[in-house]
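In what follows, a structure is listed as structure tokens, so that the remarks can point back to it.
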Amino acid sequence: MAALKKITQRSLQALETKNKLDSIALTLFTKHGFDKVTVDEITHYAGVSKGTFYNYFSAKDEVLLEQFNKIDNHYEQVLRRLKNGESAGGRMLAFVDAMCEYCNDIWGLSLMKVVYANQISLGKRSEMLLKKDRLFYKILADIIEQGRRDGEFTTELSAEEQVYLFARNARSILYEWCLHDGSLDLKETGRKVFQLTLRIISARD
């Protein structure tokens with residue numbers, strides 16, 4: 038029992054250290070820009086060694102990757118809470134609501150700008166937004182599969198085309214929000230764009 042308690046305490050301390058590094062890194066990225074922040078600065082403000090940083094993250098980019106994992110897990114949790122029998126269209130609108138609320142209320146505009154600037158600057162090395170095995174794409178694929186199976190979505194477009202139609206619209210909504218410096222109502226804009234997209238792929242028109 039004592040050994041188990043020791044392991045648990047060690048795990049909690051490790052989680053606290055990782056969360057602290059994560060929080061400080063994001064604060065610095067938001068304030069100064071991703072490219073201008075060094076690992077040395079992150080560890081300095083966190084009060085830990087550089088080696089400690091690399092125990093949790095292989096590079097600065099991985100701090101941002103962690104945020105994508107968090108938001109994707111948020112999408113999954115939101116969709117799991119929906120009532121059984123929810124239509125594919127209803128699930129898709131719940132998805133875009135979750136995306137817009139998370140980006141507006143938890144990430145915030147400044148961090149969203151950092152994310153997009155980082156991904157654009159990476160060029161061909163960009164991974165986070167386009168990574169095909171990301172949970173984000175799997176969630177969209179699951180919704181599309183349901184819609185096609187239930188006769189709600191057209192089969193004139195392939196399932197892959199429909200997934201990437203929604204994925205690209207999701208990115209465009211957030212990018213436009215950044216371009217307008219947050220003056221758009223993100224949730225309202227997201228709903229309108231996805232409602233229009235659902236009409237485009239509807240099998241019932």
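In terms of the working numbering, the sequence shown opens at residue 38 and continues consecutively. Built from N, CA and C at the ideal position, the CB exists for glycine as well.
Counting pairs of beta carbons, one from the region 194 to 211 and one from the region 112 to 126, are three or more of them closer than 8 Å?
-> no
Counting pairs of Cβ atoms below 8 Å between the region 196 to 205 and the region 143 to 152, do you hit three or more?
-> no
Span separating the alpha-carbon of residue 156 from that of residue 216 | Translated into positions along the sequence shown, residue 156 becomes position 119. Translated into positions along the sequence shown, residue 216 becomes position 179. When rounded, the distance between both Cα atoms is 15 Å.
Between residue 59 and residue 103, which are expected to be in contact by the criterion C-beta below 8 Å, what is the C-beta distance as a whole number of angstroms?
-> In the sequence shown, counting from the first residue as 1, residue 59 sits at position 22. In the sequence shown, counting from the first residue as 1, residue 103 sits at position 66. Yes, residue 59 and residue 103 are in contact; Cβ-Cβ is about 6 Å, under 8 Å.
How is the alpha helix (DSSP H) around residue 128 delimited, first residue to last?
-> Taking the sequence shown and counting its residues from 1, one reaches residue 128 at position 91. Taken as a continuous stretch (DSSP letters only), the alpha helix (DSSP H) holding residue 128 covers 125 to 139.
Out of 135, 65 and 70, which has the shortest C-alpha to C-alpha gap to residue 78?
-> In the sequence shown, counting from the first residue as 1, residue 78 sits at position 41. Cα-wise, what sits closest to residue 78 is 65.
Over the uninterrupted alpha helix (DSSP H) stretch that includes residue 171, give me the two end residues.
-> As a working mapping, residue 171 is identified with position 134 in the sequence shown. Premise fails: residue 171 is in no alpha helix (DSSP H) and is neither H nor E.
Are the region 175 to 186 and the region 89 to 100 touching, with three or more C-beta to C-beta distances below 8 Å?
-> no
Taking all protein chains shown into account, do 16 or more other C-beta atoms lie within 10 angstroms of the C-beta of residue 70, making it buried, or fewer, making it exposed?
-> Here residue 70 refers to the residue found at position 33 when the sequence shown is read from its first residue. The residue in question, residue 70, is exposed, as its Cβ has fewer than 16 Cβ neighbours within 10 Å.
Through-space distance from residue 132 to residue 116, alpha-carbon basis | Along the sequence shown, one-based indexing puts residue 116 at 79. Along the sequence shown, one-based indexing puts residue 132 at 95. Rounded to the nearest angstrom, the two C-alpha atoms are 7 Å apart.
With contact counted as at least three CB pairs below 8 Å, one residue from each stretch, are the region 223 to 238 and the region 169 to 178 in contact?
-> no
Just curious, the alpha helix (DSSP H) that residue 121 is in, first and last residue?
-> One-based indexing of the sequence shown puts residue 121 at position 84. No alpha helix (DSSP H) contains residue 121, which DSSP labels as neither H nor E.
In terms of residues, what are the limits of the alpha helix (DSSP H) holding residue 94?
-> Here residue 94 corresponds to residue number 57 of the sequence shown, with the count starting at 1. Looking at the DSSP string, residue 94 is not in any alpha helix (DSSP H), and its letter there is neither H nor E.
Residue 223 vs residue 141 beta-carbon contact at 7 Å = Here residue 223 refers to the residue found at position 186 of the sequence shown. Here residue 141 refers to the residue found at position 104 of the sequence shown. Going by C-beta atoms, residue 223 is nearer than 7 Å to residue 141.
What is the DSSP secondary structure of residue 195, counted as helix, strand or coil?
-> Position 158 of the sequence shown, counted from the start, is the residue given in the question as residue 195. Looking at residue 195 - three-state DSSP - the assignment turns out to be coil, as it is neither helix nor strand.
Buried versus exposed call for residue 189 [16 or more other C-beta atoms within 10 Å across all chains shown] | Reading the sequence shown from its first residue, position 152 is the one you call residue 189. Around the beta carbon of residue 189, a 10 Å sphere encloses 16 or more other beta carbons of the protein chains shown; the residue is thus reported as buried.
So, helix, strand or coil for residue 147, using DSSP?
-> The sequence position of residue 147 within the sequence shown is 110, counting from 1. Helix.
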